[in-house]
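Chains as they are written, first to last, in this note's numbering: chain E, 40 to 218; chain S, 40 to 218; chain X, 475 to 926; chain C, 475 to 926. All C-beta atoms, glycine included, are put in the ideal place defined by N, C-alpha and C. None of these values were measured; they are calculated from a predicted model. Notes for the one structure printed next.
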């Protein structure tokens with residue numbers, strides 16, 4: 040076991056795997072005075088009521104910008120363990136954002152517009168280059184149009200919401216790959 | 040086991056397998072000072088409802104041959120975690136019985152008598168030598184007197200129940216040190 | 475509140491044990507739970523004032539072990555035993571043993587349990603109390619001529635049963651007068667050959683029936699009824715859903731039914747809670763006495779919810795020797811209540827029992843909801859006992875509201891880790907036929923057939 | 475069942491959000507929960523048909539953020555908003571915004587909320603509807619002579635309040651006529667010096683009072699009452715225990731009280747559920763109007779339990795434009811109900827709020843028990859909101875039974891990991907004074923004093 044030299048980078052890598060593997064709930068590592076523990080669990084007692092982890096693929100999770108529909112699963116099978124997919128989908132934590140990426144999220148609950156007016160070309164498209172002041176979309180909050188900016192130099196990597204769809208507070212809207 | 044040289048890459052591989060094998064819920068590895076654990080479980084569902092372990096000292100647990108009184112604790116502090124001591128006290132599991140010891144338990148719920156009749160000397164006392172057929176006590180079940188025998192050559196180490204006290208099914212009555 | 479009873483031993487397990495413990499606590503008497511080794515970590519054991527292990531898991535060695543229970547009651551000095559339902563609740567000899575040992579049996583006397591447990595005796599008592607019984611021979615008929623006479627009086631279809639037969643053997647349905655004589659002769663001679671006894675019973679054959687029962691409370695002198703319960707939704711004679719009031723009865727017939735039950739109880743000087751069971755013929759709209767249950771029933775909460783009367787507390791007070799405080803005019807039926815029995819069974823697989831561990835339990839809540847269950851997260855359903863793990867009772871201002879509330883509650887409830895009948899109940903109570911209120915005892919079977 | 479409303483957004487959290495979700499589900503309308511980031515994993519979010527995160531934890535940014543809520547309602551296309559209690563439930567401007575944006579506000583109109591929210595306006599309406607108000611000046615008095623006249627009419631003890639004062643400043647109790655003129659002069663000149671305004675209010679000073687309120691349902695045309703609730707058991711103006719019916723009222727006075735509340739609602743064409751609050755003077759046995767709450771109240775289940783009427787469902791149906799189906803004669807008060815508010819507070823430490831994680835939660839159960847709570851094992855009480863974590867409501871055939879049942883249920887309940895007021899409630903409801911039914915609003919304070 041000589042070669043088990045665990046450095047901080049290794050722990051970082053473990054942490055990264057954990058982030059990528061949403062269904063892994065706990066990792067613990069204990070060696071030679073080192074004690075390392077990561078958990079998604081809100082500790083043991085809580086674990087009982089915490090819902091099963093939800094869809095982790097950004098494509099899956101953000102494909103539904105609509106609010107989280109719970110009812111189907113619960114109604115259909117009250118006796119069966121149901122982990123309503125898509126329920127708490129849209130919060131930031133569930134999309135893995137790399138160091139060189141920036142996630143644009145909804146600053147308020149409202150309606151997403153990809154273009155300045157209906158029928159006009161979208162502000163940005165996937166793959167398009169953006170600058171910090173580039174307007175990437177509009178969130179309408181009670182008739183008030185709020186421009187969202189890219190904030191970084193980079194390129195639009197993914198857009199998670201469809202035009203004119205409602206978005207929750209904090210819902211991921213698009214991913215900017217920084218340059 | 041010389042060749043069990045666990046490196047960080049091995050842990051990485053383990054982690055990778057775990058990620059690929061959706062039905063594996065937990066991996067734990069413990070070797071030569073290394074302790075490694077990954078889990079998909081929100082764990083401890085069980086922990087919540089399982090009662091805290093109760094008194095394990097024979098002296099404490101068997102001092103109360105009467106049925107388990109729960110009410111006091113529950114009533115007095117419904118908001119406080121209560122592990123009603125003495126509740127499941129009298130089952131065999133909670134008294135540590137050594138390899139060279141034999142625990143005499145109640146074969147039926149009833150009343151314990153230490154002597155053949157009131158006022159008579161007890162069948163046995165602590166420290167007394169016994170043989171397999173030595174009668175150690177009587178359990179009365181609906182007017183029917185059932186003799187319990189020592190079953191082993193040995194010495195009475197402890198008596199847990201007082202004369203004329205009711206005993207539950209399986210309740211420890213006395214401990215015989217085998218010889 | 476009580477005079478003689480200071481402690482009650484509950485000779486049962488699961489939800490009914492919990493139910494009785496709660497009643498004891500509200501009456502201020504000590505509750506003494508008994509349990510088998512398999513039930514050590516269950517809610518009744520935790521919630522009772524005192525808990526006593528009386529034997530190993532199999533019920534023959536624990537909950538049905540009369541000697542162990544009486545012995546425990548004597549050793550631990552309890553004043554009374556409540557038998558719940560099932561197990562020893564209708565064993566006259568157990569009641570007798572309690573009486574002999576100076577323990578109050580919370581139920582009627584051994585004598586009454588015995589009488590009512592004897593079907594022929596019970597039918598005679600019903601007849602003598604002018605409680606309608608299924609038309610037919612009052613006992614065995616040996617004379618073919620007499621049999622013919624009776625059969626013609628009863629009408630068709632009718633049922634001829636060899637008195638020595640049983641389990642379906644030696645039975646025949648006679649549809650019309652045309653074949654009566656032939657059928658009668660055949661079955662009597664068959665019975666003679668098969669059992670060495672040609673005597674038969676003759677009974678009206680009912681094809682389209684409901685099961686309706688009347689809840690009674692009686693103190694030996696006075697008797698009140700708490701209205702009826704309708705238990706028509708059954709599967710293989712197992713009740714699944716019970717409700718009150720019955721959607722089949724109008725006010726006049728309800729009164730007639732309930733009065734007949736009271737008459738029966740009065741006739742024998744009944745003393746305790748009890749239930750008189752009837753079949754209700756959907757065709758001629760008449761009810762006929764079947765039997766009397768001399769114990770509390772699984773579905774008693776349904777009556778509690780529409781009357782506000784705590785049946786278990788009343789039952790204990792009667793056993794304590796107290797006179798009924800409730801008068802018939804105090805009892806007002808209000809709204810509608812439905813009970814669904816939650817079983818650890820797989821409805822997709824022939825209702826196979828499936829014991830296991832409840833990984834996550836969330837009881838439903840809110841207005842009008844009552845969940846009588848000993849479940850908890852982590853509870854392990856032992857394989858030794860009944861598959862019923864709880865009863866969900868919903869009250870509504872009317873039957874429609876009770877149905878939507880039950881549907882909501884069943885959906886809200888979570889019992890994870892095992893299969894249950896919850897979803898099946900959602901389908902059952904939302905079926906057009908159940909909603910209409912117009913169904914009979916084979917309705918569940920045909921619902922299941924339609925599904926498959 | 476509903477015509478216009480197909481979806482309801484619940485602009486609240488915790489137990490009342492759950493309560494409204496359940497009502498929506500029973501009415502067959504889509505329930506849309508909103509939640510702050512702190513409430514993401516809570517039961518309402520899990521049980522609602524749809525859940526929308528509307529902002530960060532602080533309620534100013536979420537549950538009180540009118541813009542965010544209206545925006546969410548518009549973006550997600552809901553038909554109606556139910557505000558629950560607290561937060562935006564009595565904000566006339568919020569109701570106004572809903573109206574302007576074509577969203578049905580489940581409550582009365584902005585106009586009525588505004589009127590009833592203005593104490594002086596509300597008192598005027600009460601007077602005009604012949605609803606008794608506390609005797610005193612109808613408004614400010616500037617003339618010392620007029621003040622003297624009024625004071626003599628009101629009688630003693632009385633209270634003089636500088637109209638520019640507040641928070642206890644510029645108030646004086648006058649015990650008898652002897653010092654009236656001197657006291658009046660002093661307080662008026664003090665007020666002149668302190669606030670530059672010498673005008674005062676004069677009011678009868680009540681020292682021994684109960685808090686009693688009447689639950690109403692009105693559709694703008696018809697109005698029915700569901701009897702009264704007694705909320706006298708308070709600590710620092712926070713209600714702790716509520717019950718119905720009030721042990722202080724006889725049938726005649728109950729009727730008089732409830733009729734006056736109905737008159738008030740009729741006067742303004744009230745349309746929704748609402749509550750008229752009164753003080754009841756234990757000394758002269760009279761009740762006086764204080765204010766009207768134009769929303770559903772925390773303690774509404776108490777009335778539901780004794781009437782069988784689902785207040786939230788009725789409120790939603792009224793908002794849907796439906797006429798009240800219930801008539802006053804349909805409403806029969808049955809039995810007695812008590813509610814204990816369960817707070818995450820430490821009664822041993824000045825009722826200090828103590829948020830934390832519920833390591834183990836076991837709701838109480840059985841006949842007559844209703845636990846309205848969003849608690850679950852593992853639930854983390856956030857520090858941002860109210861300390862109330864649930865309401866335990868118990869029904870009994872009479873007040874005594876309700877008390878023993880509540881005691882039993884409080885003892886059966888388990889809320890581990892934090893301090894709660896459960897045990898304090900056991901002591902409160904079992905105190906001689908509470909049991910007697912004869913107490914006033916300072917009773918809890920003196921109970922606490924005795925304890926220390």
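Beta strand (DSSP E) runs wholly inside the region 476-542 of chain C, at least 3 long, in chain order: 481-484, 504-510, 524-529
Reference residue 717 (chain C); option with closest CA among C:869, C:552, C:550: In the fourth chain, the residue the question calls residue 717 (chain C) occupies position 243. The candidate whose alpha carbon is nearest that of residue 717 (chain C) is C:869.
Taking all protein chains shown into account, do 16 or more other C-beta atoms lie within 10 angstroms of the C-beta of residue 157 (chain E), making it buried, or fewer, making it exposed? Your numbering for residue 157 (chain E) matches position 118 in the first chain. With fewer than 16 Cβ atoms within 10 Å of its Cβ, residue 157 (chain E) is classed as exposed.
Below 7 Å between beta carbons is the criterion; list the residues of the region 180-204 of chain S that meet it against any residue of chain X, in chain order. If you check each beta-carbon in the region 180-204 of chain S against every beta-carbon of chain X, the ones closer than 7 Å belong to 180, 181.
Do you know how far the Cα of residue 144 (chain E) is from the Cα of residue 200 (chain E)? As a first step, residue 200 (chain E) must be located in the first chain, where it is residue number 161. As a first step, residue 144 (chain E) must be located in the first chain, where it is residue number 105. The straight-line gap from Cα to Cα measures roughly 10 Å.
Return the CA-CA distance between residue 786 (chain X) and residue 674 (chain X), expressed in angstroms with no decimal places. Here residue 786 (chain X) is taken as the residue at index 312 of the third chain, counted from 1. Here residue 674 (chain X) is taken as the residue at index 200 of the third chain, counted from 1. The alpha-carbon atoms of residue 786 (chain X) and residue 674 (chain X) are separated by roughly 41 Å.
In this structure, how does DSSP classify residue 798 (chain C) when only helix, strand and coil are distinguished? Position 324 of the fourth chain, counted from the start, is the residue given in the question as residue 798 (chain C). Looking at residue 798 (chain C) - three-state DSSP - the assignment turns out to be coil, as it is neither helix nor strand.
According to the Cβ coordinates, are residue 136 (chain S) and residue 142 (chain S) closer than 8 Å? Here residue 136 (chain S) refers to the residue found at position 97 when the second chain is read from its first residue. Here residue 142 (chain S) refers to the residue found at position 103 when the second chain is read from its first residue. Yes; because the gap between Cβ atoms is below 8 Å, this pair is in contact.
Between residue 196 (chain E) and the rest of its own chain, which residues show a CB-CB distance below 6 Å, the 5 nearest in sequence each way excluded? Here residue 196 (chain E) corresponds to residue number 157 of the first chain, with the count starting at 1. Here the set comprises 214, 216.
Shorter than 8 Å from the beta carbon of residue 158 (chain E) to some beta carbon of chain C? Taking the first chain and counting its residues from 1, one reaches residue 158 (chain E) at position 119. Chain C contact via Cβ: absent.
How about residue 531 (chain X) and residue 853 (chain X): do their beta carbons lie closer than 8 Å? Stepping through the third chain from its first residue, residue 531 (chain X) is reached at position 57. Stepping through the third chain from its first residue, residue 853 (chain X) is reached at position 379. Contact flag unset, no.
With H, G and I counted as helix, E and B as strand and the rest as coil, what does DSSP make of residue 820 (chain X)? Within the third chain, the letter at position 346 stands for residue 820 (chain X). Three-state DSSP puts residue 820 (chain X) in a strand.
Under a three-way DSSP split, which group does residue 811 (chain X) fall into? Within the third chain, numbered from 1, the residue matching residue 811 (chain X) stands at position 337. Looking at residue 811 (chain X) - three-state DSSP - the assignment turns out to be strand.
Taking Cβ-Cβ distances shorter than 7 Å, what residues in chain X pair up with residue 504 (chain C)? Numbered from 1 along the fourth chain, position 30 holds the residue referred to as residue 504 (chain C). Simply none; closest approach about 13 Å.
In chain S, which residues lie with their C-beta within 9 Å of the C-beta of residue 541 (chain X)? Along the third chain, one-based indexing puts residue 541 (chain X) at 67. In chain order: 147, 180, 181, 183.
At a CB-CB cut-off below 7 Å, which residues of chain X make contact with residue 150 (chain S)? Residue mapping note: residue 150 (chain S) aligns to position 111 of the second chain, counting from 1. What residue 150 (chain S) touches in chain X: 549.
On the three-state DSSP scale, how would you describe residue 653 (chain X)? By 1-based counting over the third chain, the position of residue 653 (chain X) is 179. Three-state result, residue 653 (chain X): helix.
8 Å is my cut-off, CB to CB: does residue 213 (chain S) come that close to chain X? By 1-based counting over the second chain, the position of residue 213 (chain S) is 174. So, not an interface residue.
Out of S:155, S:179, S:154, point me to the one whose CA is closest to residue 549 (chain X)'s CA. Along the third chain, read from residue 1 onward, the residue named residue 549 (chain X) stands at position 75. Relative to the Cα of residue 549 (chain X), the nearest Cα in the group S:155, S:179, S:154 belongs to S:179.
Figure out for me which residue from X:497, X:753, X:855 has the closest Cα to the Cα of residue 680 (chain X). By 1-based counting over the third chain, the position of residue 680 (chain X) is 206. Residue 680 (chain X) has its Cα closest to that of X:753, out of X:497, X:753, X:855.
In whole angstroms, give me the CA-to-CA distance for residue 764 (chain C) and residue 688 (chain X). The residue you call residue 764 (chain C) lines up with position 290 of the fourth chain. The residue you call residue 688 (chain X) lines up with position 214 of the third chain. So the two alpha carbons sit approximately 49 Å from each other.
Does residue 841 (chain C) have its Cβ less than 8 Å from a Cβ in chain X? Translated into the one-based positions of the fourth chain, residue 841 (chain C) becomes position 367. Interface residue, yes.
Report the partner residues of residue 194 (chain E) according to the DSSP bridge assignment. In the first chain, the residue the question calls residue 194 (chain E) occupies position 155. DSSP lists E:168, E:216 as partners of residue 194 (chain E).
Have a look at C:836, C:657, C:817 and flag the residue whose alpha-carbon is nearest the alpha-carbon of residue 456 (chain X). Here chain X has residues from 475 to 926 only, and residue 456 (chain X) is not among them.
Quick one: is residue 656 (chain X) buried, meaning 16 or more other Cβ sit within 10 Å of its Cβ, or exposed? Within the third chain, the letter at position 182 stands for residue 656 (chain X). By the 10 Å Cβ count, residue 656 (chain X) comes out exposed.
I'd like to check one pair, residue 702 (chain X) with residue 723 (chain X): are the Cβ atoms closer than 8 Å? Here residue 723 (chain X) is taken as the residue at index 249 of the third chain, counted from 1. Here residue 702 (chain X) is taken as the residue at index 228 of the third chain, counted from 1. Result yes, Cβ atoms of residue 723 (chain X) and residue 702 (chain X) sit closer than 8 Å.
Residue 491 (chain X) vs residue 552 (chain X) beta-carbon contact at 8 Å: For this step, residue 491 (chain X) is matched to residue 17 along the third chain. For this step, residue 552 (chain X) is matched to residue 78 along the third chain. Cβ atoms of residue 491 (chain X) and residue 552 (chain X): not closer than 8 Å.
Go to residue 572 (chain X), then tell me how far its alpha helix (DSSP H) extends in each direction, as first and last residue. To locate residue 572 (chain X), count along the third chain from 1; it is residue 98. Residues 566-574.
Using a beta-carbon distance below 8 Å, is residue 868 (chain X) in contact with chain S? Mapped onto the third chain, residue 868 (chain X) falls at position 394. It does not: the Cβ of residue 868 (chain X) has no partner Cβ on chain S nearer than 8 Å.
Give me the DSSP bridge partner(s) of residue 176 (chain E). For the purposes of this step, residue 176 (chain E) is identified with residue 137 of the first chain, where counting begins at 1. DSSP lists E:187 as partners of residue 176 (chain E).
With contact counted as at least three CB pairs below 8 Å, one residue from each stretch, are the region 521-528 of chain X and the region 489-506 of chain X in contact? Verdict: yes, contact present.
Segments assigned beta strand (DSSP E), at least 3 residues, entirely inside the region 710-754 of chain X: Annotation: the region 710-754 of chain X contains the following complete segments of the beta strand (DSSP E) (minimum length 3 residues), in chain order: 712-718.
Local conformation of residue 845 (chain C) per DSSP, three classes: Here residue 845 (chain C) corresponds to residue number 371 of the fourth chain, with the count starting at 1. Three-state result, residue 845 (chain C): strand.
C-alpha distance - residue 578 (chain C) paired with residue 512 (chain C), whole-angstrom precision: Along the fourth chain, read from residue 1 onward, the residue named residue 578 (chain C) stands at position 104. Along the fourth chain, read from residue 1 onward, the residue named residue 512 (chain C) stands at position 38. In a straight line, the C-alpha of residue 578 (chain C) is about 27 Å away from that of residue 512 (chain C).
When you compare the CB of residue 584 (chain X) with every CB in chain S, is at least one pair closer than 8 Å? As a working mapping, residue 584 (chain X) is identified with position 110 in the third chain. No - not a single Cβ of chain S is within 8 Å of the one on residue 584 (chain X).
Does the Cβ-Cβ distance between residue 895 (chain C) and residue 821 (chain C) come in under 8 Å? Within the fourth chain, the letter at position 421 stands for residue 895 (chain C). Within the fourth chain, the letter at position 347 stands for residue 821 (chain C). It is a contact, given that the beta carbons lie within the stated cut-off.
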